[in-house]
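K.L.:
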Amino acid sequence: MDLKELAPVAGAAIAGVTAAVAYIDAKYHISKDIAGIRGQKATARELEKNSRGKGQSLWYQFETQVRRLPSNEECIWSRNGCYTWAETYANACRYGQYLHQHGVVPGQLFAMYMMNRPEFLFAHLGSWSIGSAPAWINYNLAGDSLFHCLKVSGAKVLLVDEEQECRQRIEDIRQKLEEELGMTILILDNNLKGEISRSEPKRPEDSLRVGAKGKFPLFIFYTSGTTGHPKACPFPTERAAGLAGRVGALGLKPGPNGDRWYVCMPLYHGTGGTTALVCMITGLTCCIGTKFSTSRFWTDVRDSKSTAIVYVGETARYLLNAPPSDMDKKHNVRAMFGNGLRPDVWQRFVDRFGVEVVGEFFNSTEGVMALFNGSRGPFTATSVGHQGLIDRWRFHNTYVPVEVDMVTGDLLRDPKTGFCKRKSYEEGSEILVQMPSEDAFVGYWNNPEATEKRFERNVFQKGDLWYRTGDALRRDADGRWFFMDRLGDTFRWKSENVSTAEVSEALGSFPGIQEANVYGVEVPGYDGRAGCAAILIDPALRDSFDFNALLAHASAKLPKYAVPVFLRIQKQQITMHNNKQNKVPLRNDGIDLRKLMERADKEAKEQGKDQAEYDTIYWNPTLLGATKGKGAEGGYVVYTMADWDTLQANKDQGAKL
Numbered sequence: 001m002d003l004k005e006l007a008p009v010a011g012a013a014i015a016g017v018t019a020a021v022a023y024i025d026a027k028y029h030i031s032k033d034i035a036g037i038r039g040q041k042a043t044a045r046e047l048e049k050n051s052r053g054k055g056q057s058l059w060y061q062f063e064t065q066v067r068r069l070p071s072n073e074e075c076i077w078s079r080n081g082c083y084t085w086a087e088t089y090a091n092a093c094r095y096g097q098y099l100h101q102h103g104v105v106p107g108q109l110f111a112m113y114m115m116n117r118p119e120f121l122f123a124h125l126g127s128w129s130i131g132s133a134p135a136w137i138n139y140n141l142a143g144d145s146l147f148h149c150l151k152v153s154g155a156k157v158l159l160v161d162e163e164q165e166c167r168q169r170i171e172d173i174r175q176k177l178e179e180e181l182g183m184t185i186l187i188l189d190n191n192l193k194g195e196i197s198r199s200e201p202k203r204p205e206d207s208l209r210v211g212a213k214g215k216f217p218l219f220i221f222y223t224s225g226t227t228g229h230p231k232a233c234p235f236p237t238e239r240a241a242g243l244a245g246r247v248g249a250l251g252l253k254p255g256p257n258g259d260r261w262y263v264c265m266p267l268y269h270g271t272g273g274t275t276a277l278v279c280m281i282t283g284l285t286c287c288i289g290t291k292f293s294t295s296r297f298w299t300d301v302r303d304s305k306s307t308a309i310v311y312v313g314e315t316a317r318y319l320l321n322a323p324p325s326d327m328d329k330k331h332n333v334r335a336m337f338g339n340g341l342r343p344d345v346w347q348r349f350v351d352r353f354g355v356e357v358v359g360e361f362f363n364s365t366e367g368v369m370a371l372f373n374g375s376r377g378p379f380t381a382t383s384v385g386h387q388g389l390i391d392r393w394r395f396h397n398t399y400v401p402v403e404v405d406m407v408t409g410d411l412l413r414d415p416k417t418g419f420c421k422r423k424s425y426e427e428g429s430e431i432l433v434q435m436p437s438e439d440a441f442v443g444y445w446n447n448p449e450a451t452e453k454r455f456e457r458n459v460f461q462k463g464d465l466w467y468r469t470g471d472a473l474r475r476d477a478d479g480r481w482f483f484m485d486r487l488g489d490t491f492r493w494k495s496e497n498v499s500t501a502e503v504s505e506a507l508g509s510f511p512g513i514q515e516a517n518v519y520g521v522e523v524p525g526y527d528g529r530a531g532c533a534a535i536l537i538d539p540a541l542r543d544s545f546d547f548n549a550l551l552a553h554a555s556a557k558l559p560k561y562a563v564p565v566f567l568r569i570q571k572q573q574i575t576m577h578n579n580k581q582n583k584v585p586l587r588n589d590g591i592d593l594r595k596l597m598e599r600a601d602k603e604a605k606e607q608g609k610d611q612a613e614y615d616t617i618y619w620n621p622t623l624l625g626a627t628k629g630k631g632a633e634g635g636y637v638v639y640t641m642a643d644w645d646t647l648q649a650n651k652d653q654g655a656k657l
């Protein structure tokens with residue numbers, strides 16, 4: 001065969017091989033995994049290059065952007081003021097010097113009780129400049145929970161927002177903070193802001209930042225704990241590359257004239273706060289919204305010329321439930337980033353508002369397990385992560401689903417071997433993460449007992465060590481991960497994690513309540529789970545029990561989102577054999593009165609009783625944020641089958657703020 005005859009054959013062979021390779025890549029997403037691995041390594045190299053051997057502090061990444069970008073390029077947009085990169089840098093230096101002069105030293109945290117405003121970032125960046133880091137305190141907290149979070153942080157200096165309600169909540173516990181914690185309280189009012197702005201923007205010395213490396217936190221934030229109070233989670237400096245990697249994964253472009261990221265989620269939250277920091281260390285403009293509002297959201301987005309937005313699941317539903325408008329696609333947004341976007345909302349939101357990329361992620365607050373899905377079409381829509389063949393192989397023995405007793409929450413173990421049973425990824429269950437050592441989990445800040453509880457030992461073989469995520473997920477044959485449920489004592493409502501133990505403790509201190517068993521219930525048309533408290537009232541007080549006083553008590557003790565929407569007045573306790581509260585039948589009943597009555601009838605029959613006794617449910621419709629009419633005065637009222645039927649009938653309308 002001569003060359004002329006061979007050429008078509010060779011060409012056909014090459015075309016065949018190319019087609020086969022393309023098919024294999026399309027099926028197993030090999031190039032995607034390789035690109036992800038390369039991107040992570042490139043980001044790590046860039047961070048190392050920017051620090052130029054001075055250390056791991058992200059202050060140097062921020063300074064790199066300041067030097068790189070035009071001095072008049074906008075760094076921060078907000079309704080409270082807009083600032084260039086040069087102005088932001090000067091303010092960060094001023095805040096750093098001020099904090100240092102008032103007792104914040106390298107290696108020590110200071111606390112921020114701040115709302116969404118540019119000063120949040122000035123103070124945060126300023127703390128990095130002096131080798132410190134902030135503890136982000138939820139500005140909704142009050143009383144004992146607020147004191148607990150400040151105590152756990154170990155901070156000696158507290159920066160407080162000028163907003164009156166924030167100031168008052170601090171004033172309520174000021175004496176305790178000063179006497180028991182030795183805390184210096186700085187109210188960031190106009191006088192203090194003026195004093196700081198008039199100071200010299202002197203750059204803090206490099207020597208202050210030497211210790212900002214490894215496991216030293218970039219910040220600490222809080223998650224709900226089974227102790228009844230939030231637990232502090234440090235975000236270690238060594239995880240910085242994971243932050244910066246978001247930009248490339250979403251296809252965003254740093255300045256000059258780069259992308260602009262709108263953030264109206266609370267900056268004390270992991271999603272909102274870390275997104276703002278990503279902007280500071282990568283050269284994106286951070287557009288700060290004061291707080292989420294359906295009516296103001298798109299106005300802010302348009303006025304700020306934002307090209308990316310941050311969301312939580314409820315955010316998308318609230319926006320989708322607003323009346324359609326010819327302005328729906330008149331914006332510059334190409335990408336959205338967040339977590340909890342519900343399957344029934346995902347595609348409708350993308351279609352209506354014309355967003356090209358959805359960056360849905362799953363990440364345990366403690367940072368042990370991380371999944372990401374940069375979805376650009378229906379194939380990966382509704383999944384919280386996607387892995388090609390390489391990543392599935394890499395993490396096959398790292399992220400593992402195991403069988404769990406849904407009543408006790410314990411892992412199910414073989415009675416003969418004592419080891420756990422691995423479940424298939426397709427079926428899914430709680431995910432365990434293999435740990436090479438205890439040090440691989442940075443742990444909870446100043447809480448070794450809570451840290452130890454997250455470990456599970458001797459799972460598949462003697463001596464192995466695993467981390468319990470407390471979340472159930474499944475992965476299909478195409479590598480797509482889907483969230484199933486949140487296990488344990490925490491549920492999510494209105495973008496917040498609610499600790500059942502904390503709510504139980506608050507309700508249990510009210511006169512006449514003998515026991516409060518708190519859990520989350522699904523409400524038709526609403527994301528997450530609304531709080532429901534099954535309470536046992538002292539029989540002598542049942543007829544005179546003051547529900548309005550209970551509501552006032554709960555509102556004073558708890559953040560608004562943690563106040564139970566529903567109260568189930570129990571005729572008798574529901575416990576397990578070891579006298580622990582049993583939430584499972586209560587969760588199964590939910591707020592469907594027909595289910596409640598059917599189960600009560602069945603149990604009465606099994607116990608030989610002639611007639612069943614039914615629990616009564618009360619609810620506060622206004623706590624849902626949407627219902628008007630009955631209960632509009634803000635109190636608890638009896639919940640009926642008609643109410644359930646109304647919720648069911650209106651579920652497609654969804655929740656509104």
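UniProt numbering numbers the first residue of the sequence shown as 1 and each following residue consecutively.
Backbone N, C-alpha and C fix where the C-beta goes; we use that ideal spot for every residue, glycine too.
Between Lys-630 and Trp-619, what straight-line distance do the alpha-carbon atoms span, to the nearest angstrom?
P.N.:
For Lys-630, the predicted model reports a pLDDT of 48, less than 50, meaning its position is unreliable; a value from the coordinates is still stated below. If you take the alpha carbons of Lys-630 and Trp-619, they lie about 10 angstroms apart.
K.L.:
Go through its chain and collect everything with a Cβ distance to Asn-578's Cβ below 7 angstroms, but skip five positions before and after it.
P.N.:
Interpretation of Asn-578 is limited by its pLDDT of 34, a score under 50 that renders its predicted location unreliable; no figure is taken from the coordinates.
K.L.:
Identify, in the order they occur along the chain, each residue of the same chain with its Cβ nearer than 6 angstroms to the Cβ of Gly-96, setting aside the five sequence neighbours on each side.
P.N.:
Gly-126, Ser-129, Ile-130, Pro-204, listed in sequence order.
K.L.:
By Cβ distance below 7 angstroms, which residues in the same chain neighbour Lys-305 in space, the five residues on each side in sequence not counted?
P.N.:
Excluding residues within five positions, the ones whose Cβ falls inside 7 angstroms are Arg-260, Asn-332.
K.L.:
Does the beta-carbon of Ser-132 have 16 or more other beta-carbons within 10 angstroms, so that it is buried, or is it exposed?
P.N.:
Counting Cβ neighbours within 10 Å, Ser-132 comes out buried, since at least 16 surround it.
K.L.:
Does DSSP put Trp-644 in a helix, a strand or coil?
P.N.:
Here Trp-644 sits in helix by DSSP.
K.L.:
Take Met-576 and list the residues in its own chain whose beta-carbon comes closer than 6 angstroms to its own, dropping the five residues that flank it on each side.
P.N.:
In this prediction, Met-576 has a pLDDT of 42, which is less than 50 and means its spatial position is unreliable; what the coordinates show is noted afterwards. The answer, listed in chain order, is Asn-582.
K.L.:
Go to Gly-531, then tell me how far its beta strand (DSSP E) extends in each direction, as first and last residue.
P.N.:
530-537 is the span of the beta strand (DSSP E), which, as asked, contains Gly-531.
K.L.:
Going by CA-CA distance only, name the one from Asn-517, Asn-191, Leu-218 that's closest to Leu-536.
P.N.:
Cα-wise, what sits closest to Leu-536 is Asn-517.
K.L.:
Write down the C-beta distance between Ala-244 and Val-278 rounded to the nearest angstrom, noting that I regard them as a contact closer than 8 angstroms.
P.N.:
Yes, they are in contact, since the Cβ atoms of Ala-244 and Val-278 sit about 7 angstroms apart, within 8 angstroms.
K.L.:
So the alpha helix (DSSP H) Glu-74 belongs to, where does it begin and stop?
P.N.:
From DSSP, Glu-74 is part of no alpha helix (DSSP H) but of the beta strand (DSSP E) over 74-78.
K.L.:
Give the secondary structure of Tyr-222 by DSSP, where H, G and I count as helix, E and B as strand, and everything else as coil.
P.N.:
In this structure, Tyr-222 counts as strand in the three-state DSSP scheme.
K.L.:
Hey, Ile-30 and Ile-390: beta-carbon distance below 7 angstroms or not?
P.N.:
Result yes, Cβ atoms of Ile-30 and Ile-390 sit closer than 7 angstroms.
K.L.:
What does DSSP give as the partner residues of Leu-468 in its beta bridges?
P.N.:
This sequence places Arg at residue 468; Leu is not what is there. Paired residue(s): Leu-432.
K.L.:
Starting from the N-terminal side, write out each stretch of the beta strand (DSSP E) that is 3 residues or longer and does not extend beyond the stretch 342-383.
P.N.:
Qualifying beta strand (DSSP E) stretches, in chain order: 357-363, 370-375.
K.L.:
Note down, one range per segment and in chain order, each beta strand (DSSP E) of at least 3 residues found wholly within the stretch 132-196.
P.N.:
Taking only runs of at least 3 residues, the beta strand (DSSP E) segments lying wholly in the stretch 132-196 are 133-136, 157-160, 184-187.
K.L.:
Rounded to whole angstroms, what's the CA-CA distance from Val-247 to Lys-253? Just pull it up for me.
P.N.:
In a straight line, the C-alpha of Val-247 is about 7 angstroms away from that of Lys-253.
K.L.:
Kindly give me the distance between the Cβ atoms of Leu-186 and Pro-106, rounded to whole angstroms, as I take these residues to be in contact under 8 angstroms.
P.N.:
Going by Cβ atoms, the distance from Leu-186 to Pro-106 rounds to 19 angstroms, so no, they are not a contact pair.
K.L.:
Who pairs with Asn-497 in a beta bridge, going by DSSP?
P.N.:
Answer is Arg-492.
K.L.:
By the three-class DSSP mapping on this structure, what secondary structure does Thr-616 have?
P.N.:
Strand, per DSSP.
K.L.:
Between the Cα of Met-115 and those of Gly-289, Ala-249, Asp-206, spot the shortest distance and give me the residue it belongs to.
P.N.:
Closest option to Met-115, Cα to Cα, is Gly-289.
K.L.:
Where in the stretch 74-112 do unbroken runs of the beta strand (DSSP E), each at least 3 residues long, occur, reported from the N-terminal end onward?
P.N.:
The stretch 74-112 contains these whole beta strand (DSSP E) runs: 74-78.
K.L.:
Along the chain, where does the beta strand (DSSP E) containing Gly-520 start, and where does it finish?
P.N.:
513-521 is the span of the beta strand (DSSP E), which, as asked, contains Gly-520.
K.L.:
Can you tell me where the beta strand (DSSP E) holding Met-597 begins and where it ends?
P.N.:
Not the beta strand (DSSP E): Met-597 falls in the alpha helix (DSSP H), residues 593-606.
K.L.:
Helix or strand or just coil, what does DSSP make of Thr-417?
P.N.:
Here Thr-417 sits in coil by DSSP.
K.L.:
Give a yes or no on whether the C-beta atoms belonging to Thr-294 and Gly-338 are separated by under 7 angstroms.
P.N.:
No, these two residues do not count as a Cβ contact at 7 angstroms.
K.L.:
Go through its chain and collect everything with a Cβ distance to Glu-427's Cβ below 8 angstroms, but skip five positions before and after it.
P.N.:
The answer, listed in chain order, is Pro-401, Arg-474.
K.L.:
Please work out which residues of its chain come closer than 7 angstroms, Cβ to Cβ, to Lys-151, disregarding the five sequence neighbours upstream and downstream, and give them in chain order.
P.N.:
Here the set comprises Leu-181.
K.L.:
Going by other Cβ atoms of all chains shown within 10 Å of its Cβ, with 16 needed for buried, is Ile-24 buried or exposed?
P.N.:
Answer is exposed; the Cβ neighbour count stays below 16.
K.L.:
Quick check on DSSP: helix, strand or coil for Ile-130?
P.N.:
In this structure, Ile-130 counts as coil in the three-state DSSP scheme.
K.L.:
Closest by CA to Thr-223, which one among Tyr-60, Gly-443, Gly-388, Glu-74?
P.N.:
Nearest of Tyr-60, Gly-443, Gly-388, Glu-74 to Thr-223, Cα basis: Gly-443.
K.L.:
Which residues mark the beginning and the end of the alpha helix (DSSP H) in which Val-247 is found?
P.N.:
First-last of the alpha helix (DSSP H) with Val-247: 240-249.
K.L.:
Enumerate in chain order the residues of its own chain whose CB-to-CB distance from Phe-510 is below 7 angstroms, with the five nearest sequence positions on each side excluded.
P.N.:
Cβ within range, chain order: Leu-550, His-553.
K.L.:
Quick one: Cα of Glu-449 to Cα of Cys-82, how far?
P.N.:
Approximately 44 angstroms, taken between the alpha carbons.
K.L.:
Kindly indicate which three-state DSSP category Gly-629 falls into: helix, strand or coil?
P.N.:
With a pLDDT of only 43 at Gly-629, under 50, the local geometry of the prediction cannot be trusted, and the value read off the model is given with reservation. Note: Gly-629 maps to coil in three-state DSSP.
K.L.:
So, with DSSP's three-state summary, where would you put Thr-227?
P.N.:
With a pLDDT of 48 at Thr-227, under the threshold of 50, the modelled position of that residue is not reliable, and the figure given next carries that caveat. Residue state, collapsed to three classes: coil.
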